[in-house]
Ligand code: FE2
């Protein structure tokens, strides 16, 4: 008999790997590495941040995406962006850009230093099901002010970007993976509990402090993958803890990936490359 309301235990603890991306941006990657290629439906997780603009000023010049969603969440500084749909703007502190590439977009992402000299953020790639890989691109620009910030009790602060927490829904909606994306800050010794659908992949990205994650002690910076169960339980230690809690419904489909293209077959990847070369890559824009 299945355990009711069982606490999810950590089944894998991933140490972020230093990589260079884009035109020369130093960042820390936890998904899309040799150690963890894919955490269905999540294709990539990057944490970028530096006090030295040399680490990121080359940015991510114009590049394509097909078959995925990229989710950018800024903690410090900003990212200037422009794309083939005619959008342009700045993702500022606390803002989220949930970009559904569908059949294809070309965009540029350029990190900028904040007034405090710091730039920091996260980018998650969420896979699209086969049926949506060639759909029209879509952007959700989510401003910091529209993200509910909940304090269920003293010492617990939860920003709800997607999914639900304490009866509040986040502003990122109509996403195929039915994701939860929470940013949780715990004071020392505070304890956080939430339910996540049992059939969803779930992980925490601990970016500050330390604490107990379902029975496993962890210190920043770590990506912690949860096993089976329904309840996530985290208790901060002496300095508190800040982490993202992300979950999504696995697709269970074959993947073929080549850089910014993620499709189901190698043939589809070859088509994307050919279309990019022929100038027929952009279907909507
Ligand atoms: Fe991109």
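Residue numbers (my numbering): 748 to 1032. Using N, Cα and C, we set each Cβ at its ideal position, and we do this for glycine too.
Cβ atoms of residue 884 and residue 848: under 9 angstroms apart, would you say? In the chain shown, residue 848 corresponds to position 101, counting from 1. In the chain shown, residue 884 corresponds to position 137, counting from 1. Yes, the Cβ-Cβ distance between residue 848 and residue 884 is below 9 angstroms.
**Request:** Let me know the secondary structure DSSP gives residue 878 once reduced to three states.
**Result:** Mapped onto the chain shown, residue 878 falls at position 131. Looking at residue 878 - three-state DSSP - the assignment turns out to be helix.
Item checked: Sub-9 angstroms separation of residue 874 and residue 1007 beta-carbons -> For the purposes of this step, residue 874 is taken as the residue at position 127 of the chain shown. For the purposes of this step, residue 1007 is taken as the residue at position 260 of the chain shown. Cβ atoms of residue 874 and residue 1007: not closer than 9 angstroms.
* Counting along the chain, where does the beta strand (DSSP E) carrying residue 1036 start and finish? -> Here the chain comprises residues numbered 748 to 1032, so residue 1036 is not present and cannot be evaluated.
**Message:** Does residue 748 pass the burial test, meaning 16 or more other C-beta atoms within 10 Å, or should it be called exposed?
**Reply:** As a position in the chain shown, residue 748 is number 1, starting the count at 1. Residue confidence for residue 748 is low, a pLDDT of 44 falling below 50, so the modelled location carries little weight and cannot support an answer.
- prompt: Counting only runs that start and end within the segment 849-929, where is the alpha helix (DSSP H) found for 4 or more residues in a row?
  reply: none
Whole angstroms is fine: what's the gap from residue 811's alpha carbon to residue 1005's? Here the question's residue 811 lines up with position 64 in the chain shown. Here the question's residue 1005 lines up with position 258 in the chain shown. Their Cα atoms are separated by approximately 11 angstroms.
* To do: Compute the Euclidean distance between the alpha carbons of residue 894 and residue 910, then round it to the nearest angstrom.
  => Residue 894 sits at position 147 when you count from the first residue of the chain shown. Residue 910 sits at position 163 when you count from the first residue of the chain shown. Going by the C-alpha atoms only, they are around 11 angstroms apart.
Report task. Go ahead and pull the three-state DSSP assignment for residue 782. Result -> As a position in the chain shown, residue 782 is number 35, starting the count at 1. Looking at residue 782 - three-state DSSP - the assignment turns out to be coil, as it is neither helix nor strand.
- Query: residue 757 to residue 1022, Cα distance in whole Å?
  - Reply: Taking the chain shown and counting its residues from 1, the one referred to as residue 757 is at position 10. Taking the chain shown and counting its residues from 1, the one referred to as residue 1022 is at position 275. Cα to Cα, the separation comes out at about 42 angstroms.
Next item on the list: Spell out the partners DSSP gives residue 831 in its beta bridges.
Entry: To locate residue 831, count along the chain shown from 1; it is residue 84. In DSSP, residue 831 forms no bridge with anything.
- request: In the DSSP assignment, find the beta strand (DSSP E) that holds residue 691 and state where it starts and stops.
  value: This structure gives no information on residue 691, because the portion of the chain shown stretches from 748 to 1032.
**Request:** Identify, in the order they occur along the chain, each residue of the same chain with its Cβ nearer than 6 angstroms to the Cβ of residue 925, setting aside the five sequence neighbours on each side.
**Result:** Position 178 of the chain shown, counting from 1, holds the residue named residue 925. So the qualifying residues of the chain are 996.
- Task: Look at the alpha carbon of residue 765 and the alpha carbon of residue 965, and state the distance between them as a whole number of angstroms.
- Result: As a working note, residue 765 is residue 18 in the chain shown. As a working note, residue 965 is residue 218 in the chain shown. Spanning the two alpha carbons is a distance of roughly 19 angstroms.
Beta-carbon within less than 7 angstroms of residue 1000's beta-carbon, same chain only, minus the 5 sequence neighbours each way: which residues are those? Here residue 1000 is taken as the residue at index 253 of the chain shown, counted from 1. The residues are 876, 877 and 1011.
Secondary structure of residue 804, DSSP reduced to three states: Numbered from 1 along the chain shown, position 57 holds the residue referred to as residue 804. Coil, per DSSP.
*Among 808, 813, 836 and 994, the one whose alpha carbon lies nearest that of residue 1033*: The displayed coordinates of the chain run from 748 to 1032. Any statement about residue 1033 would go beyond what the structure contains.
- Task: Decide if residue 907 is buried, meaning its Cβ has at least 16 other Cβ atoms within 10 Å, or exposed.
- Result: Within the chain shown, the letter at position 160 stands for residue 907. Classification of residue 907: buried, given that the 10 Å Cβ count is 16 or more.
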